[in-house]
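Heads up, the thing below is written out as structure tokens.
2 protein chains.
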Amino acid sequence: MGWTLERGDLVDLCRGAAFLGTGGGGDPYIGRLMVEQALDEGHTVKIIGLDELPDDALVIPTAMMGAPTVIIEKLPGGEEAIRSLHRLEAHLGRKAFATMPIEAGGINSTMPLVVGARLGLPVVDADGMGRAFPELQMETFAVYGVPGTPMVITNEWGDATLVECHDNMMMEWLARGITIRMGGSAYIAEYAMDGKTARRVSVPGTLSLVLEIGRCIRAARQAHRDPFAALIELLPRTPYNFGRVIFEGKIVDLRRETTQGWAMGRARIGAFSGGAVMDIEFKNENLVARVAGKVRAIVPDLICVLDHETAEPITTETLRYGQRVKVMAVAVPPIMRTPEALAVFGPGGFGIDEPFTPIETIA
Amino acid sequence: MGWTLERGDLVDLCRGAAFLGTGGGGDPYIGRLMVEQALDEGHTVKIIGLDELPDDALVIPTAMMGAPTVIIEKLPGGEEAIRSLHRLEAHLGRKAFATMPIEAGGINSTMPLVVGARLGLPVVDADGMGRAFPELQMETFAVYGVPGTPMVITNEWGDATLVECHDNMMMEWLARGITIRMGGSAYIAEYAMDGKTARRVSVPGTLSLVLEIGRCIRAARQAHRDPFAALIELLPRTPYNFGRVIFEGKIVDLRRETTQGWAMGRARIGAFSGGAVMDIEFKNENLVARVAGKVRAIVPDLICVLDHETAEPITTETLRYGQRVKVMAVAVPPIMRTPEALAVFGPGGFGIDEPFTPIETIA
Numbered sequence: 001m002g003w004t005l006e007r008g009d010l011v012d013l014c015r016g017a018a019f020l021g022t023g024g025g026g027d028p029y030i031g032r033l034m035v036e037q038a039l040d041e042g043h044t045v046k047i048i049g050l051d052e053l054p055d056d057a058l059v060i061p062t063a064m065m066g067a068p069t070v071i072i073e074k075l076p077g078g079e080e081a082i083r084s085l086h087r088l089e090a091h092l093g094r095k096a097f098a099t100m101p102i103e104a105g106g107i108n109s110t111m112p113l114v115v116g117a118r119l120g121l122p123v124v125d126a127d128g129m130g131r132a133f134p135e136l137q138m139e140t141f142a143v144y145g146v147p148g149t150p151m152v153i154t155n156e157w158g159d160a161t162l163v164e165c166h167d168n169m170m171m172e173w174l175a176r177g178i179t180i181r182m183g184g185s186a187y188i189a190e191y192a193m194d195g196k197t198a199r200r201v202s203v204p205g206t207l208s209l210v211l212e213i214g215r216c217i218r219a220a221r222q223a224h225r226d227p228f229a230a231l232i233e234l235l236p237r238t239p240y241n242f243g244r245v246i247f248e249g250k251i252v253d254l255r256r257e258t259t260q261g262w263a264m265g266r267a268r269i270g271a272f273s274g275g276a277v278m279d280i281e282f283k284n285e286n287l288v289a290r291v292a293g294k295v296r297a298i299v300p301d302l303i304c305v306l307d308h309e310t311a312e313p314i315t316t317e318t319l320r321y322g323q324r325v326k327v328m329a330v331a332v333p334p335i336m337r338t339p340e341a342l343a344v345f346g347p348g349g350f351g352i353d354e355p356f357t358p359i360e361t362i363a
Numbered sequence: 001m002g003w004t005l006e007r008g009d010l011v012d013l014c015r016g017a018a019f020l021g022t023g024g025g026g027d028p029y030i031g032r033l034m035v036e037q038a039l040d041e042g043h044t045v046k047i048i049g050l051d052e053l054p055d056d057a058l059v060i061p062t063a064m065m066g067a068p069t070v071i072i073e074k075l076p077g078g079e080e081a082i083r084s085l086h087r088l089e090a091h092l093g094r095k096a097f098a099t100m101p102i103e104a105g106g107i108n109s110t111m112p113l114v115v116g117a118r119l120g121l122p123v124v125d126a127d128g129m130g131r132a133f134p135e136l137q138m139e140t141f142a143v144y145g146v147p148g149t150p151m152v153i154t155n156e157w158g159d160a161t162l163v164e165c166h167d168n169m170m171m172e173w174l175a176r177g178i179t180i181r182m183g184g185s186a187y188i189a190e191y192a193m194d195g196k197t198a199r200r201v202s203v204p205g206t207l208s209l210v211l212e213i214g215r216c217i218r219a220a221r222q223a224h225r226d227p228f229a230a231l232i233e234l235l236p237r238t239p240y241n242f243g244r245v246i247f248e249g250k251i252v253d254l255r256r257e258t259t260q261g262w263a264m265g266r267a268r269i270g271a272f273s274g275g276a277v278m279d280i281e282f283k284n285e286n287l288v289a290r291v292a293g294k295v296r297a298i299v300p301d302l303i304c305v306l307d308h309e310t311a312e313p314i315t316t317e318t319l320r321y322g323q324r325v326k327v328m329a330v331a332v333p334p335i336m337r338t339p340e341a342l343a344v345f346g347p348g349g350f351g352i353d354e355p356f357t358p359i360e361t362i363a
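Here you go:
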């Protein structure tokens, strides 16, 4: 039942997580170091499929929340998310059967691996975003009816807040305020649910998928093949069944500030040939890419900024002036494009005026 | 055992609460309406002394927190603080024997009366500030060793956060952030303690005292006597054993903004005779009064701005240009002037450079 994550898989898994993270989710390097440390301590990471969860098994997802710009300076100790999970268990009066990512992206793909390894809990191969999003209500869990609270937010001092809200928007609002007061990053356990519910509301297989994506990029490099071509070949065999390079060039302007608890900003990419310019707006994650004011890709579809040669994903907090990049847009699975889903994490959820248009249509 | 608060006492009690509130604690009029409503519903308010608490009785203080400028616009429904108390009871796994004010001032003298009336719990005739202060760690409870958390913060939607912190400064920091996100006012239950501890760490008799102060002002008015003279006569018979009018004049300038969760500002009072000017800085409560840059009264001693004719206390959110006022400074009891107490709520606790000097020395 399930499979065990090998240490040798970690670099690939973190690369793939940064890809699905679409700019956000936190620096995958830090996430990798944390899992490596747990493995060095003799723990193992066991991954199980949604179908392996008993109907009544308690699943408690765990994650980091905050601005990625903060996370690279205020590093996790490793015990914070575990404390959140334990505190939520105490509140619920039940032990967790498994933990799970809330998002597929960066450090939040690996945080539950650390929690699972240290506690001997399996980690469910699924998540609630199918990518990374900046807000807690932007979850398929929420879209399909699971309350996010009771949730627990913990900091590095062991200070904890248990939040209970009448809706998931209020949860995000209060939790964001608490995270800001905790210094801009914190550690959460939320969306506790049973196995039967998890099967209904999760994006399945995203841990396997990020590993596959990471491997695909590495294998192409090793074979001296074009990693972008390899990705475009791979994606149609996954639920993310369409990918396309929509721009390439050099970062010629960058605005980024850590405000309201997020890394907010805009990256401008100038085509090598001159003339054309792509603007990408981000809020932790890349949200919309425009050329000459015209949308070229838009949430919830993925907008991945990748190194121009190696296809290594570049997170929004590590964007730099002068980087040579390709921008790849990727279609998200149908569960993330329903009207209910788009109402929560479509363009309107971010105050973006343009409607959602699938990348297959735009490209 | 104990005594029952009469409806006819409420106006006096609220007036006295506004006096000890030293500008803060929230509009006493709103507090009075809430108690009247509870009495109209057939409830009674029972007050007991600290000496009537069994050693092991659980006392859960209740209060409103936030900016008084917000409180007069976002009125309490009456159930919020009760929900906080119930949530804290559930967390502790014990029922409260009594509730108690955390401060003697404005609405926070009456909030526990509403909670007590509605739940049939006695209210302890004591508090943790002996006046009003703007921050949660500024409690004799905290000074003498009681942890403020676990605490519960509730809003009008029933959203609740249970906060557990490693120290009381962090409690204030997180709770203030949550209160801001709840719209600038919220309802708390905190500093749960047993009866034996309550006797050791509380400022005793402050509910009786505010009633006595309120009555004193009213009686003087009715007898066509000077209410200021009456107060100055009364105070030496209380633990607040010195009071003096330190300035009189007209409010000639006022800066007030609701920021960081408080009503912050400065009132300038010009003497009727011209020339002299007193500046009073406030953060919810009046903190320091200076004339020509020289301290005339300073926290934790009381700085009470009172109507020039009636001695009706004027809270900081109701200060207006042109008001004719007298400023009375009052000595606080010894429990609030120990080195430990001054370290928490002396001038340094507010970033005020001048040291604490007792009003008896200054005046």
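One line per chain: the protein sequences are A and B, in this order. Position 129 of the first sequence, counted from 1, bears residue number 129 in the working numbering, the numbering being contiguous throughout. Position 107 of the second sequence, counted from 1, bears residue number 107 in the working numbering, the numbering being contiguous throughout. For every residue, glycine included, the Cβ atom is placed at its ideal position computed from N, Cα and C.
In chain A, which residues lie less than 8 Å from residue 161 of chain B when you measure between Cβ atoms?
If you number the second sequence from 1, residue 161 of chain B lands on position 161. Within chain A, the residues near residue 161 of chain B are 161, 162, 163, 164, 174 and 178.
Taking a cut of 7 Å between CB atoms, which residues from the region 178-201 of chain B lie near chain A?
178, 180 and 181
Residue 170 of chain B touches chain A at which residues, Cβ-Cβ below 8 Å?
The residue labelled residue 170 of chain B in the question sits at position 170 within the second sequence. Within 8 Å Cβ-Cβ: 157 and 159.
Quick check: residue 130 of chain B and residue 328 of chain B, are their CB atoms within less than 8 Å of each other?
The residue labelled residue 130 of chain B in the question sits at position 130 within the second sequence. The residue labelled residue 328 of chain B in the question sits at position 328 within the second sequence. In this structure, residue 328 of chain B does not lie closer than 8 Å to residue 130 of chain B by Cβ.
If you draw a straight line from the C-alpha of residue 254 of chain B to the C-alpha of residue 72 of chain B, how long is it?
One-based indexing of the second sequence puts residue 254 of chain B at position 254. One-based indexing of the second sequence puts residue 72 of chain B at position 72. Those two C-alpha atoms are separated by around 19 Å.
C-alpha distance - residue 84 of chain B paired with residue 243 of chain B, whole-angstrom precision
Numbered from 1 along the second sequence, position 84 holds the residue referred to as residue 84 of chain B. Numbered from 1 along the second sequence, position 243 holds the residue referred to as residue 243 of chain B. Roughly 37 Å separates the two Cα atoms.
Through-space distance from residue 86 of chain B to residue 5 of chain A, alpha-carbon basis:
Looking up residue 5 of chain A in the first sequence gives position 5. Looking up residue 86 of chain B in the second sequence gives position 86. Using only the alpha carbons, I get a separation of about 45 Å.
Would you mind sorting residue 218 of chain B into buried or exposed? The rule is 16 or more other CB atoms within 10 Å of its CB.
Stepping through the second sequence from its first residue, residue 218 of chain B is reached at position 218. With 16 or more Cβ atoms within 10 Å of its Cβ, residue 218 of chain B is classed as buried.
Spatial neighbours of residue 140 of chain A within its chain, please: CB distance less than 8 Å, with the 5 preceding and 5 following residues excluded, ordered by chain position.
Residue mapping note: residue 140 of chain A aligns to position 140 of the first sequence, counting from 1. Here the set comprises 128, 129, 130, 201, 202, 203, 335, 336 and 341.
Am I right that residue 103 of chain B and residue 25 of chain B are in contact with their C-beta atoms under 8 Å? What's the rounded C-beta distance?
Taking the second sequence and counting its residues from 1, one reaches residue 103 of chain B at position 103. Taking the second sequence and counting its residues from 1, one reaches residue 25 of chain B at position 25. That belief holds up - the Cβ atoms of residue 103 of chain B and residue 25 of chain B are roughly 6 Å apart, short of 8 Å.
Whole-angstrom Cβ separation of residue 330 of chain A and residue 359 of chain A, contact assumed at under 8 Å?
The residue given as residue 330 of chain A occupies position 330 in the first sequence. The residue given as residue 359 of chain A occupies position 359 in the first sequence. Confirmed, Cβ separation roughly 7 Å.
Below 8 Å between beta carbons: does that hold for residue 123 of chain B and residue 113 of chain B?
Residue mapping note: residue 123 of chain B aligns to position 123 of the second sequence, counting from 1. Residue mapping note: residue 113 of chain B aligns to position 113 of the second sequence, counting from 1. It is a contact, given that the beta carbons lie within the stated cut-off.
Can you tell me the Cβ-Cβ gap for residue 159 of chain A and residue 164 of chain B, rounded? I've got them flagged as a contact below 8 Å.
Position 159 of the first sequence, counting from 1, holds the residue named residue 159 of chain A. Position 164 of the second sequence, counting from 1, holds the residue named residue 164 of chain B. Confirmed, Cβ separation roughly 7 Å.
Terminal residues of the beta strand (DSSP E) in which residue 241 of chain B lies
To locate residue 241 of chain B, count along the second sequence from 1; it is residue 241. Note, residue 241 of chain B: premise wrong, no beta strand (DSSP E); not H, not E.
Can you tell me the Cα-Cα spacing of residue 286 of chain B and residue 23 of chain B, whole angstroms?
Position 286 of the second sequence, counting from 1, holds the residue named residue 286 of chain B. Position 23 of the second sequence, counting from 1, holds the residue named residue 23 of chain B. Those two C-alpha atoms are separated by around 6 Å.
Counting only the same chain and skipping the five closest in sequence on each side, list residues whose C-beta sits under 6 Å from that of residue 214 of chain B.
In the second sequence, counting from the first residue as 1, residue 214 of chain B sits at position 214. Here the set comprises 12, 13, 15 and 16.
Taking all protein chains shown into account, decide if residue 222 of chain B is buried (16 or more other Cβ within 10 angstroms of its Cβ) or exposed.
As a working note, residue 222 of chain B is residue 222 in the second sequence. Exposed, because fewer than 16 other Cβ atoms sit within 10 Å of the Cβ of residue 222 of chain B.
Since I believe residue 106 of chain B is in contact with residue 31 of chain B (beta carbons under 8 Å), could you give me their beta-carbon distance rounded to a whole number of angstroms?
By one-based count along the second sequence, residue 31 of chain B stands at place 31. By one-based count along the second sequence, residue 106 of chain B stands at place 106. Confirmed, Cβ separation roughly 6 Å.
Tell me the start and end of each unbroken beta strand (DSSP E) in the region 215-267 of chain B that is at least 3 residues and wholly inside, in chain order.
243-259
Pull up the distance between the alpha-carbon of residue 149 of chain A and that of residue 162 of chain B, whole angstroms please.
For the purposes of this step, residue 149 of chain A is identified with residue 149 of the first sequence, where counting begins at 1. For the purposes of this step, residue 162 of chain B is identified with residue 162 of the second sequence, where counting begins at 1. Roughly 12 Å separates the two Cα atoms.
Is the Cβ-Cβ distance between residue 153 of chain B and residue 115 of chain B less than 8 Å?
In the second sequence, counting from the first residue as 1, residue 153 of chain B sits at position 153. In the second sequence, counting from the first residue as 1, residue 115 of chain B sits at position 115. No.
For residue 290 of chain B, name the three-state secondary structure that DSSP assigns.
Translated into the one-based positions of the second sequence, residue 290 of chain B becomes position 290. Of the three classes helix, strand and coil, the one that applies to residue 290 of chain B here is strand, per DSSP.
Assigned exposure category for residue 99 of chain A - 16 Cβ within 10 Å defines buried:
On the first sequence, residue 99 of chain A is found 99 positions in, with the first residue counted as 1. Buried, since its Cβ has 16 or more Cβ neighbours within 10 Å.
Give the DSSP-derived three-state secondary structure of residue 132 of chain A in the structure shown.
Numbered from 1 along the first sequence, position 132 holds the residue referred to as residue 132 of chain A. Three-state result, residue 132 of chain A: coil.
For residue 157 of chain B, three-class secondary structure by DSSP:
For the purposes of this step, residue 157 of chain B is taken as the residue at position 157 of the second sequence. If DSSP states are grouped into helix, strand and coil, residue 157 of chain B belongs with coil.
Cα-Cα separation, residue 216 of chain B to residue 28 of chain B
Locating residue 216 of chain B in the second sequence gives position 216, where the first residue counts as 1. Locating residue 28 of chain B in the second sequence gives position 28, where the first residue counts as 1. Spanning the two alpha carbons is a distance of roughly 17 Å.
Please report how far the alpha carbon of residue 64 of chain A lies from the alpha carbon of residue 135 of chain B, in whole angstroms.
Stepping through the first sequence from its first residue, residue 64 of chain A is reached at position 64. Stepping through the second sequence from its first residue, residue 135 of chain B is reached at position 135. Rounded to the nearest angstrom, the two C-alpha atoms are 29 Å apart.
Would you decide whether residue 283 of chain A is buried or exposed? Buried here means 16 or more other CB atoms lie within 10 Å of its CB.
Counting from one through the first sequence, the residue named residue 283 of chain A turns up at place 283. Buried, by the Cβ-count rule.
Nearest neighbour of residue 268 of chain A, chosen from A/290, A/257, A/18 and A/260 [CA to CA]:
The sequence position of residue 268 of chain A within the first sequence is 268, counting from 1. Considering only alpha carbons, the answer is A/290.
So who's on the other strand from residue 144 of chain A, going by DSSP bridges?
Residue mapping note: residue 144 of chain A aligns to position 144 of the first sequence, counting from 1. In DSSP, residue 144 of chain A forms no bridge with anything.
Can you determine whether any heavy atom of the ligand MG sits closer than 7 Å to the C-beta of residue 274 of chain A, and answer yes or no?
Here there are no bound small molecules, and the ligand MG is not part of this structure.
Residue range of the beta strand (DSSP E) that residue 169 of chain A falls in?
In the first sequence, residue 169 of chain A corresponds to position 169, counting from 1. That residue, residue 169 of chain A, is in no beta strand (DSSP E); its alpha helix (DSSP H) goes 168-181.
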